[in-house]
Each structure stands twice: as C-alpha cells, then as structure tokens.
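Comments concern the structure below.
Residue numbers (our numbering), protein chains in the order written: chain P, 1 to 296; chain F, 1001 to 1334.
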C-alpha cells in the first residue's frame, strides 16, 4: 500500500515537473502570438538555445572551479541570453512581416528554426551537453523507498513562480496594461502615443525569456541534445491549441492536460502516447477552434 | 468582341506551349549527355515537382497553407513499403495501383477534418494530423520498422517487362526509371493544368480571393476546399509512391513536420502564385539541397538563410521574379 502511494506521488511530481517546463515554453509561444499575432516556429529552438547556453556555462563554471551555489545563478543567465537573442531577432527579422500574409510569417520563422538548429550544431557539436552537476549538488530525497532528486522540486517551484510572476506582470502592472492594449488594438494603441515597437521588442523578449528559462531549468535533469527544440515545439503547439492561442490561462491548463496524458501514456499505452496528444489537439480544434480559453 | 478575345487567348497559350515542348525535348534527351548521378538527381527533382504542384493546388489556388503535407508523401511511401512486405509484389504499376487509392482515402479523410478551418488553424490542424501519422510510424515498430524504416527493393517496370539485376542493373534502372517518372510527371502536370483551368479550378480561385462573394454565387465552399485537399494530397502522395523505389528506403523522417516545411519551401522557392513555380521550385530545391549537403555539414543553416532571404527579398519566388523582370523589359521595349 505504501509503495503504491509512493509511486503515485512520484508520478504526480513527474507530471508537475514536465508541466512546469511545458508551461514555460507554451506561455512564451502564446504570449508572442497574443501580442504580435505571429506563430513563432523557431520558439522550440530558442528553448533549446537556453538549454545549450546554460549547460555550456555550467560546464565552464565547473572547469573554473566556481562554488556550487553560484552555479545556480547561471540558470537565469541562460534564460536572459535567450531573451537578448530574441530582442535582436524581433526588430531585425520579424518586424518587416507583420503586415504581410501569414504564410510569410510562418516561413520566415521556419527559416529561423533551420538556422538556429544548425548554429547549435556548429557551436556545440553533435554530442549531448550535460549539466548534471546542478542536479548532483542537491540531495536525493527518499519517497517511500524510492529515490527522487530534490532538483526536480526546484524545477517545479521555478515553474510555479514564473507562472505567478507572469500573471502579475500582465494583469497587475502598467506594462501589462500596455501589453494587453497593444494586443487588442495595435493601431489604437499606437494612435494614443504608445511606442508599439518597444512593446513588441519587450513582449518578444519576455516570450523568449520564458522559453530560455524552460531550457535552462530542464537541462540539468536531462542534457542538451540536437532536435530537442523541434520536438518541444510540436508539443507546445498541442498545449496552446488545447488551451487557446494567446491565452495565459489556456497555456497553463493545456500544459496540465498534456502532462497528465503524457505521464499516463508512458505508463499505460506507450505506443500511442504521442499520437494521443495530437488526437486530443485535433479534437479540441474541431469542437472549439479557439481552444478552451482562447478568444482569437 | 468575341473575335478579339480568341486570338489573344491563342497567343497567350502558344508561348508556354512552345517553351514547355522545348523543355520536354531537353528532358527526353537528358540521359544521353548526363551521367547516372545527374539523371538520378533530375528524377528526384521531377518527383519533388509533382509533390509541389499538388501542394500548390491548396496554397496557390485555394489559399490554404498546409503544414502537414509530409503525411501524404509519407503515406504514399509507406503504402508501397507495406505492399512489398505483405503482398511480395515488385511491380511498379501495382505499387501505384495500390498506393493512389490509399493516399486518396487518407487525404480525403484528413481533408474532411481540416477544411473546417482556414488560416492558421487549418495549418495547425494539418500539422497535428501529420504528427499523428508520424508518431504511429515511429512507435508501431513491429509494423513500420520504427526509426529504421522499411526497405523497398528495386521494382520491375512495365508489368514486369523491365527488371533490373546484374552488373549494370543500377544504371539501367536509373535511366528507365527516369523516363518512367518523366511520363508520369507530364501526365500529372497536364492533369493539374486541366484542373486549375477548369470551372472547378476557377471556383477555387474565386473562393481564395473572396470567400463571401463566392458564397453569394452559390458555391459550396467547404466542399470545394475538401475536393481540392483530396486532389492535393493525392498528387503529393503520388510523389511519395514514386520516391520510395528510387530512395530504396522509407523512414519516419518523411512524415515529420519539418519535411512538410521543406515542401512549403520548395513551392515558395519557385513561386506559388503561378502554375510553373512549384515545378521550377522542385527541381531547383533538389539541386540546392544536394549541393548544400555536399559542400557543407551545415546545409540546414545554408537553406535557412536562403529561405529567410527569399521571403524578405523575393516573395513571389523565382518564377514570379523572372516574369516581373520580363514584363519590365517588355514595357521598356514599347
């Protein structure tokens, strides 16, 4: 009996772990769509960049003999570097496309995806980049006779804090008001004297920061590998389709649903786990094309 | 009034007819002066062109951007592989005979679901459905071979009259298969030309340009889109059927969504606002990709840069840019 409870606890923790990373990626994707009406196909790759940069920084830190506690500060640094990349990409590459047809927006971000994927291979090579020093730095917990790394709890906590912070920023600050105003009516916001260009850069930066943070906190639990961004993107698509493109609440609920299906799938129907996710996304699109919480 | 229209139409048809016959002439003679490798490459190019004209019926003529056309290409390829595995046949005609209905049924089924939406939701739906097929091909390894894929041996052509084994089997196969694909390519392009110039094709363009007006004219929009989807998927599936014996192997990679992206890229490279664009795109993309892969390990980076530059500077593609340049020349001459 005790064993069953322990297994259940671990499965719930795994679901939450997966959920917080997925939420970070999907919330960024959704935020960017909500403000700029652009579906960023390179979003998954930005998540992967976050993972690679963090793993590389941790590797350098260990080589230089930095104290373990300080290494944890590299997690936000990895996320910030992705935000900076995003703030360069938006005005340079995406801005010319807001007035153009959706096809071109999708294609330019697809091109960006190809460029980022190969740049990662160029810089960090084909071998996985690990940052498990961070995971080993924290103790291993005992849950009813099973071992569970405490680092996973940290990931869950960071995911929860990030969700809360984003919520507060969007719904309770002046910047959030500007963001929502731009999202609802770009022209009117611009006519009222709002610097729409700046809002776009910041919104894209925040979206990229979320993706980068997702990559940064996940990399100690697995490793940075090529193609992780492409896989993450389609799952993030499923999340935002279920929750509704452009909705923060939707990204959260979508991430919870996808994580539960995923954990249950790995346990009970491993062959159909991925297919089940896409089938659910398809069904939601058919019944409620705007997703559970979308308005677009 | 009517008399003045007809010669104009004749003249506008004459030029493309002459050009396409000239190109066809060169293509027929190609194996005489090109080596086996080049012939094989052009064959891949023709197959990519068939996939792209199929895709462009949806994008260029119906105004729907599918990000899941890898599904139909891959279903075509896997249909052939299953035929080899389970029915033990080696006849190319039999592959096509089995493959086309399978692809048509699957694209009809998926299309029925997808045409309920347009714009970005249509794109995501097609992507999600293609990912269902991909993940099944990857996970049901006892049927599909998983990530190793399934092998497809060299088939016999013309009801078994031409079979290829022995010392020069490969060279002979490439030359014969080139002509085989060329004939199917000509048939496919002609059929597509008839489709887009038929009343049905005109109706699709009307729906693309103004959905509301088309509905006022009494067109059943969803049904037209559905048939367009079915035809589009079937053409792309035909390309998959033709591709797999040449490649000798099919893996889940041709079902993954990035491959759909390549089909979109191909079409945009040539230009999706005209009929010949996807054909040019198919051949140019095949060469571009092959040489990018041969020259650098980071070919994807190169292709990405080309794609971004293309979208920024040449949104109408190669054919669109060329025809605009030709128009300007004509204006200056006047």
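Every residue, glycine too, gets a C-beta built ideally from N, C-alpha and C.
Item to check | Beta-carbon contacts of residue 93 of chain P that lie in its chain and below 7 Å, excluding the five residues immediately before and after | outcome: Within the first chain, residue 93 of chain P is the residue found at index 93, counting from 1. Cβ neighbours of residue 93 of chain P beyond the five flanking positions: 108 and 112.
Next on the checklist: So residue 263 of chain P contacts chain F; which residues on that side make the cut at Cβ distance below 9 Å?
Outcome noted: Working through the first chain from its first residue, we reach residue 263 of chain P at position 263. By Cβ distance, chain F contributes nothing, its closest Cβ being about 17 Å from residue 263 of chain P, past 9 Å.
Item to check | Listed by chain order, chain P residues near residue 1261 of chain F by CB distance under 7 Å | outcome: The residue given as residue 1261 of chain F occupies position 261 in the second chain. In chain order: 110.
Checklist entry - Between residue 1305 of chain F and chain P, is there a C-beta pair that is closer than 8 Å? => result Counted from its first residue, the second chain places residue 1305 of chain F at position 305. Taking Cβ atoms only, chain P reaches closer than 8 Å to residue 1305 of chain F, which makes this a yes.
Checklist entry - Looking at C-beta atoms only, is the number of pairs between the segment 1087-1104 of chain F and the segment 1140-1158 of chain F that lie closer than 8 Å three or more? => result yes
Checklist entry - Name the chain F residues that come within less than 7 Å of residue 230 of chain P, Cβ to Cβ? => result The sequence position of residue 230 of chain P within the first chain is 230, counting from 1. What residue 230 of chain P touches in chain F: 1258.
Next on the checklist: Quick check on the burial criterion: 16 or more other C-beta atoms within 10 angstroms. Buried or exposed for residue 1048 of chain F?
Outcome noted: Within the second chain, the letter at position 48 stands for residue 1048 of chain F. Buried: at least 16 other Cβ atoms inside 10 Å.
Item to check | Candidates F/1071, F/1078 and F/1123, of which the one nearest residue 1132 of chain F by Cα | outcome: Residue mapping note: residue 1132 of chain F aligns to position 132 of the second chain, counting from 1. Comparing alpha carbon positions, the residue from F/1071, F/1078 and F/1123 closest to residue 1132 of chain F is F/1071.
Checklist entry - Grouping DSSP H, G and I as helix and E and B as strand, with all else coil, what is residue 1197 of chain F? => result For the purposes of this step, residue 1197 of chain F is taken as residue 197 along the second chain, with counting starting at 1. Helix.
Checklist entry - CB-CB under 6 Å to residue 1004 of chain F, same chain, minus the five flanking residues each way: which ones, in chain order? => result Translated into positions along the second chain, residue 1004 of chain F becomes position 4. Because the pLDDT of residue 1004 of chain F is 42, which lies under 50, any placement of that residue in the model is unreliable, and the question is left without a value.
Checklist entry - Does residue 27 of chain P have its Cβ less than 8 Å from a Cβ in chain F? => result Numbered from its first residue, the first chain carries residue 27 of chain P at position 27. Residue 27 of chain P does not count as touching chain F.
Checklist entry - Can you give the Cα-Cα distance for residue 1016 of chain F and residue 169 of chain P, rounded to whole angstroms? => result The count along the second chain starts at 1 and reaches residue 1016 of chain F at position 16. The count along the first chain starts at 1 and reaches residue 169 of chain P at position 169. Residue 1016 of chain F and residue 169 of chain P: Cα-Cα distance of roughly 60 Å.
Next on the checklist: So residue 281 of chain P contacts chain F; which residues on that side make the cut at Cβ distance below 7 Å?
Outcome noted: Residue numbering aside, residue 281 of chain P sits at position 281 when the first chain is read from its first letter. Within 7 Å Cβ-Cβ: 1128.
Item to check | beta strand (DSSP E) segment containing residue 43 of chain P, residue limits | outcome: Within the first chain, numbered from 1, the residue matching residue 43 of chain P stands at position 43. Run containing residue 43 of chain P: none in the beta strand (DSSP E); it sits in the alpha helix (DSSP H), 43-63.
Next on the checklist: Does chain P have any CB closer than 8 Å to the CB of residue 1030 of chain F?
Outcome noted: Here residue 1030 of chain F refers to the residue found at position 30 when the second chain is read from its first residue. Chain P, which has no Cβ nearer than 8 Å to the Cβ of residue 1030 of chain F, makes this no.
Checklist entry - Considering residue 149 of chain P, what are the terminal residues of the alpha helix (DSSP H) in which it resides? => result In the first chain, residue 149 of chain P corresponds to position 149, counting from 1. That residue, residue 149 of chain P, is in no alpha helix (DSSP H); its beta strand (DSSP E) goes 146-149.
Checklist entry - Under the rule that 16 or more other beta-carbon atoms within 10 Å means buried, what is residue 1257 of chain F, buried or exposed? => result Numbered from its first residue, the second chain carries residue 1257 of chain F at position 257. It is buried - the Cβ of residue 1257 of chain F has at least 16 other Cβ atoms within 10 Å.
Next on the checklist: residue 120 of chain P and residue 189 of chain P - do their beta-carbons sit closer together than 8 Å?
Outcome noted: Translated into positions along the first chain, residue 189 of chain P becomes position 189. Translated into positions along the first chain, residue 120 of chain P becomes position 120. No, the pair does not count as a contact, with Cβ atoms beyond the cut-off.
Checklist entry - Under 8 Å between C-beta atoms, does residue 149 of chain P make it to chain F? => result In the first chain, the residue the question calls residue 149 of chain P occupies position 149. Chain F contact via Cβ: absent.
Checklist entry - From the DSSP output, which residues share a beta bridge with residue 1391 of chain F? => result The displayed coordinates of chain F run from 1001 to 1334. Any statement about residue 1391 of chain F would go beyond what the structure contains.
Checklist entry - Which partner residues does residue 224 of chain P have in the DSSP bridge list? => result Walking along the first chain from the start, residue 224 of chain P turns up at place 224. According to DSSP, residue 224 of chain P bridges with P/129.
Checklist entry - Residues in its own chain within less than 8 Å of residue 186 of chain P by CB, not counting five upstream and five downstream? => result Locating residue 186 of chain P in the first chain gives position 186, counting from the first residue. Scanning its chain for C-beta atoms nearer than 8 Å, with the 5 sequence neighbours on each side dropped, one finds around residue 186 of chain P the residues 196, in chain order.
Next on the checklist: Are the CB atoms of residue 1030 of chain F and residue 1042 of chain F within a distance shorter than 8 Å?
Outcome noted: Within the second chain, residue 1042 of chain F is the residue found at index 42, counting from 1. Within the second chain, residue 1030 of chain F is the residue found at index 30, counting from 1. Yes, they are a contact pair.
Checklist entry - According to the Cβ coordinates, are residue 284 of chain P and residue 241 of chain P closer than 8 Å? => result As a working note, residue 284 of chain P is residue 284 in the first chain. As a working note, residue 241 of chain P is residue 241 in the first chain. Cβ distance < 8 Å, so residue 284 of chain P and residue 241 of chain P count as in contact.
Item to check | Limits of the alpha helix (DSSP H) - the one that residue 140 of chain P falls within | outcome: Position 140 of the first chain holds residue 140 of chain P. Residue 140 of chain P -> not in any alpha helix (DSSP H); beta strand (DSSP E) instead, spanning 140-143.
Checklist entry - Would you say residue 88 of chain P reaches chain F, if we count a Cβ-Cβ gap shorter than 8 Å as a contact? => result By 1-based counting over the first chain, the position of residue 88 of chain P is 88. It does not; no Cβ of chain F falls within 8 Å.
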